[in-house]
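For the sequence shown, my numbering begins at 979 and goes up steadily by one. Here a beta-carbon is modelled for each residue, glycine too, at the ideal position from N, C-alpha and C. A quick note: this is a predicted structure, and the numbers were derived from the prediction, not measured. First the structure, in the form of structure tokens, and then the observations on it.
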Amino acid sequence: MRKSLVKKEFWSVFIMTIVSLSVFAQTSKVSGKVTDEKNQALVGVSVVIKGTTKGTVSDANGNYTIEADGGQTLSFSFVGYTSKEVTVNNKSTVNISLAEDAAALDEVVVTGVFDKRTRLESSVSITTLNAKQLERVVPNSGIDMLKNIPGVYVNTSKGEVSGSINTRGLTVGGGFYYVSMQEEGLPIMAAQGNSLTNPNFKPDGFLRADVNIQRIEAVRGGTASILGANAPGGIFNYVSKTGGQTFEGEVRTRLGLEGNGQNPYYRVEGNFGGPLSKDKSITYNIGGHYRYANGPKYPGYPLSKGGQIKANIVKNYKTGSLKLYGKFLDDRTAPFEFTPTVGFENPKPAGQFTNSSSTMVGSVAVTVPASTWNSTENLDYDSRNLAHFTDNSIGLNWEQRLGEGWTINNNGKFAKKTNVNNLTAVVFPFRVDQATFYGVPGNIPRFGTYEFYNINSGASYGKVQQLPPAGAGQPLKFIPTGLTLPGGDVMQNAVLYTPLAYNKITMDEFVDQLTITKKLKKMSFTGGAFLAKLKLFQEGSGPLGYLFSTVEPNPQAVGVKYTDLTGKSFDLANKDGIMAIGGAGVTSNNADVKTTALFLGHNWDISNKFTLDWGIRYERFKIDVDTRTPKRNADLVATGGADGNPATIYDVRSWSLNDAFLFGEDLKSTSFSVGLNYKINDNMAVYARYSNGKKSPDMNFFLDVANQIALKTSPVNAQDIKMFEAALKIKTTKTTLFITPFLNNIGNVANFQVFQNADATFYGPPRVYQKIRTQGVEIEANHTISKNFSVRAVGTFQSGTALQYSVYLAKTNGPADDEKVTFDGNKLDNVAPIMLSITPTYSTDKFYASLAYQYMGKRWANVANAFQLPAFGSVDLNMGYNITKKIALSASINNLLDTYGVMSWAAPGGFPASLDTQGFTKAMYEANTNAIYSTQSIMPRAYFLTLSYKF
979 MRKSLVKKEF WSVFIMTIVS LSVFAQTSKV SGKVTDEKNQ ALVGVSVVIK GTTKGTVSDA
1039 NGNYTIEADG GQTLSFSFVG YTSKEVTVNN KSTVNISLAE DAAALDEVVV TGVFDKRTRL
1099 ESSVSITTLN AKQLERVVPN SGIDMLKNIP GVYVNTSKGE VSGSINTRGL TVGGGFYYVS
1159 MQEEGLPIMA AQGNSLTNPN FKPDGFLRAD VNIQRIEAVR GGTASILGAN APGGIFNYVS
1219 KTGGQTFEGE VRTRLGLEGN GQNPYYRVEG NFGGPLSKDK SITYNIGGHY RYANGPKYPG
1279 YPLSKGGQIK ANIVKNYKTG SLKLYGKFLD DRTAPFEFTP TVGFENPKPA GQFTNSSSTM
1339 VGSVAVTVPA STWNSTENLD YDSRNLAHFT DNSIGLNWEQ RLGEGWTINN NGKFAKKTNV
1399 NNLTAVVFPF RVDQATFYGV PGNIPRFGTY EFYNINSGAS YGKVQQLPPA GAGQPLKFIP
1459 TGLTLPGGDV MQNAVLYTPL AYNKITMDEF VDQLTITKKL KKMSFTGGAF LAKLKLFQEG
1519 SGPLGYLFST VEPNPQAVGV KYTDLTGKSF DLANKDGIMA IGGAGVTSNN ADVKTTALFL
1579 GHNWDISNKF TLDWGIRYER FKIDVDTRTP KRNADLVATG GADGNPATIY DVRSWSLNDA
1639 FLFGEDLKST SFSVGLNYKI NDNMAVYARY SNGKKSPDMN FFLDVANQIA LKTSPVNAQD
1699 IKMFEAALKI KTTKTTLFIT PFLNNIGNVA NFQVFQNADA TFYGPPRVYQ KIRTQGVEIE
1759 ANHTISKNFS VRAVGTFQSG TALQYSVYLA KTNGPADDEK VTFDGNKLDN VAPIMLSITP
1819 TYSTDKFYAS LAYQYMGKRW ANVANAFQLP AFGSVDLNMG YNITKKIALS ASINNLLDTY
1879 GVMSWAAPGG FPASLDTQGF TKAMYEANTN AIYSTQSIMP RAYFLTLSYK F
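This is how it looks when you write it as structure tokens:
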């Protein structure tokens, strides 16, 4: 009986133990909330049971629920935050707070992706420049820093504005043709604009870099065709600082000497931010700058003056945030003109010119009376007003987490932009003993003697006789007598063509982008809509008057007196040297431009290693233009013109406006992109992506009346851009390395030309469509050699080929003798086979020093492959010292070796031959390798000293 009792007790204990163990090991629901250090909910945090593939993500309120054993460990990870592991310990509630990881934040991808990811997890080619990198250099312009990004060609040889950017060899169209320049995630301009000669239609005119910028995110190719408006080449997003939980501020003052140490530069800038409410849920930030400078190429009056203020207020609440932001820009600056140059293989400024010489028009002002162009308002031109840019904008970014993985984000802004240009353009030598010089300002046929003189001193430069032809079919005769015009070592008997280029534009803009995101366990969907509306008014002359200057540094105005064959004398130029006031009349455009788009993107985490994403975008570009062109009336010679003096014929022109020419265009396109990322381990990943993007002509293309006439009968379609890219990505504690091969095939590139008939009407030669190919590899590397020493290296190795490329060359007016020239198989122009940037940096707690070496390889000057622009290297030196925790002093020398590195060029022969760079052939080059031509180089050496104080 005792044995039976023991046996029963044994089995009872055994069964109870098994039951207890099974209960202890049983999975149960564990829930909790994930927040940041400010107790704000974190959405989309990955919660995984360590050692398994089982996991979930936090919802819109930061809450999560997962089934886990009591002894298992939960691993929490989120982009930009330090990961954390917590053992369940039989708890049913596990709340967790994650801290921001500063190093990881620099690697977070925001621009060009459908949701936030690190660079290692993303199948997008992107580089981020952070505030620390930006504060240690003195850029020449708002886009100058982008030259430190692989695959990006940046040309700032014109100065602070009217620059040029292309990615991966996409050079057709110049300027910013294939890329979207953005601030706070929205395009700087409501409708993409791009012009080689007019800064009105380039976004860098309204972009300034200062202490307010937190980071710049640069996407090349890839999803830019889906998430950028009409910009398959890339997106460059400038993101401003926002206020933190404590007050912080910084003030900087900068003194400089530009133009190889000749021209003073003054600048002050600051940024302040912090909490506005007691609970710190409302923060603010305000920053900006003001600068005054004579410029790298001083024209006799200050070349840069003005600045900007940017501010934002952010409200964070439990399920979302609101960001109100604004910008006020009021700035005057001007793009530089070309410098006469000698030597194709080793270019140097010709004659007395240097790399800091100005060829811009001197200080000159003129009023064109309203009666001259049949208006109620005078037109005032003053070269000292430069190009005056204003931008008043206000925007609101609203993010709302709706629960169950749904998030809505709407970012919209209103802006009013203006630009008034008082510039010169196409400044090239112009021979006074040839017919074109007299034809341009309307002095053919005015037979007689022309005397040239210095407008300031009155000293004579000599004379030229214009005489009738010797017989039928013979040319006019131009006979110089005692000409001693300066600059004979550049071009004999020549002046500089410095026309007064006036342009006024106003743009009322509205831009808005809406995205709706749904996050699931393994995937997310993002749908969106984009809208940009623009009302534009443009009033421009070509030009407003004609001024000719001496061919020398800081050119002086040249006056002209005319004596007819009867001996009667007239002043062709006013007291400032201006001829034919009223110029070619004034053209006005009123345009309504609208861009709409719908896009959809999908991210799918197929496994812990594989991520697939794809996207599609439908875009519509619509423009309606009302154009009024000038009509030349009979000159008012009999009445003496505007001043009533018959002896002055510089003010006798009269214009009226033709009837409105109405034009409209409606272009539709569809783009798509697909990428696959494979994460080999925590330090290495690869990706591959294929994109098919479309590119419609920019807004300014449709504002030219000659284009409008031709487009009535022969519309143009969007370009077709097929891109393939792949990448190897490596990130360790000391090294990051990104190697990205790419291949682009571009078709349907319309060669849009407009020629003139003998009766002055326009016609277009047969439309020719080009095909081009670019290919190469981008390399970006950062390596920490020791605690104090690191190196950043960026390289691009590429080539571009014109698969099909033809143009028509016009000879005499009319199509009868037009000639088609083919360049199939030639290399593309301005595609440098090698572009390198290497920056070693030494830093301690108090001191840093860096030497930035930039190398631009030899590249073809035009598609005709006439000659190659030579390779060059330049060096920038930057160093700084923290005097105290709050006070720092830094010094920079840009272009330390004062290298003359050619970025742009114009053909030999002076105006107008200089304009036809594609028409300059190899035979022309070989016939005169010592010809004087014109170039624009990188900025001359400059010295800067900056003192900063941090609050």
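Residues of the same chain with a CB within less than 8 Å of the CB of I1191, apart from the 5 flanking positions on each side, are A1109, L1112, Y1216, V1217, S1218, K1219 in chain order. According to DSSP, N1611 shares a beta bridge with no other residue. Taking 8 Å as the cut-off, the beta carbon of F1406 is found no closer than this to the beta carbon of V1473.
In this structure, N1324 keeps its C-beta atom at 8 Å or more from the C-beta atom of A1289. Excluding five sequence positions before and after E1247, the CB atoms of its chain that fall closer than 7 Å to its own CB belong to D1188, V1189, R1230, G1266, H1267, given in chain order.
Leaving aside the five residues that flank S1912 on each side, the residues in its chain whose CB is nearer than 7 Å to its CB run, in chain order, F1316, T1317, P1318, T1319, F1406, W1883, A1884, S1892. Around the Cβ of N1581, a 10 Å sphere holds 16 or more other Cβ atoms; the residue is buried. In this structure, the straight-line span from the alpha carbon of Q1444 to that of M1557 is close to 17 Å. For D1308 and V1489, the gap between their C-alpha atoms comes out near 21 Å.
It is roughly 14 Å from the alpha-carbon of T1297 to the alpha-carbon of T1495. Secondary structure note for S1203: its alpha helix (DSSP H) is the uninterrupted segment 1202-1205. DSSP lists L1300, N1388 as the beta-bridge partner residues of W1376. For K1028, the closest C-alpha among the options S1634, D1037, Y1042, A1046 is that of A1046. In the three-state reduction of the DSSP assignment, M1338 falls in the coil class, being assigned neither a helical nor a strand state. In the DSSP annotation of this structure, the continuous segment of the alpha helix (DSSP H) that includes K1900 starts and ends at 1900-1905. Taking C-beta atoms under 8 Å as the contact rule, F1720 and E1758 fail to qualify, at a distance of about 13 Å. The three-state secondary structure of G1239, taken from DSSP, is helix. Y1628 carries a coil assignment under DSSP once its states are collapsed to helix, strand and coil.
Using a C-beta cut-off of 8 Å, the segment 1599-1616 makes contact with the segment 1640-1651, since at least three inter-stretch Cβ pairs fall below that distance. Here R1610 is exposed: its Cβ has fewer than 16 other Cβ atoms, across all protein chains shown, within 10 Å.
Distance between N1118 and P1447, taken at the CA atoms: about 52 Å.
Annotation: F1929 is outside any beta strand (DSSP E) and is labelled neither H nor E by DSSP. Only residues of its own chain outside the window of five on either side were considered, and among them T1051, S1053 have a CB closer than 6 Å to the CB of E1063, listed in chain order. Y1833 has L1814, G1851 as its beta-bridge partners, per DSSP. The alpha-carbon separation between N1655 and N1389 amounts to approximately 29 Å.
In the same chain as R1631, and ignoring 5 residues on each side of it, the C-beta atoms closer than 7 Å to its own belong to T1350, A1558, I1559, G1560, D1613, in chain order. Sixteen is the threshold: since fewer than 16 other Cβ atoms of the shown chains lie within 10 Å of the Cβ of Q1452, the residue is exposed. Counting only the Cα atoms, V1664 lies some 15 Å from S1585. Residue Y1428 holds the alpha-carbon nearest to the alpha-carbon of F1548 among Y1042, T1924, T1462, Y1428. Pairwise C-beta distances place the segment 1143-1160 in contact with the segment 1114-1134, as three or more of them are shorter than 8 Å. Your pair S1158 and A1209 checks out as a contact, with CB atoms roughly 4 Å apart and the cut at 8 Å. The beta carbons of K1305 and D1369 sit about 6 Å from each other, so the pair counts as a contact at 8 Å. Selection D1542, D1570, K1500, T1504 evaluated against K1511 yields D1570 as nearest (Cα-Cα). P1918 counts as buried, since no fewer than 16 other beta carbons sit within 10 angstroms of its beta carbon. Around the C-beta of F1929, fewer than 16 other C-beta atoms lie within 10 Å, and the residue is accordingly described as exposed. Here the alpha carbon of Y1878 sits roughly 44 Å from the alpha carbon of L1509.
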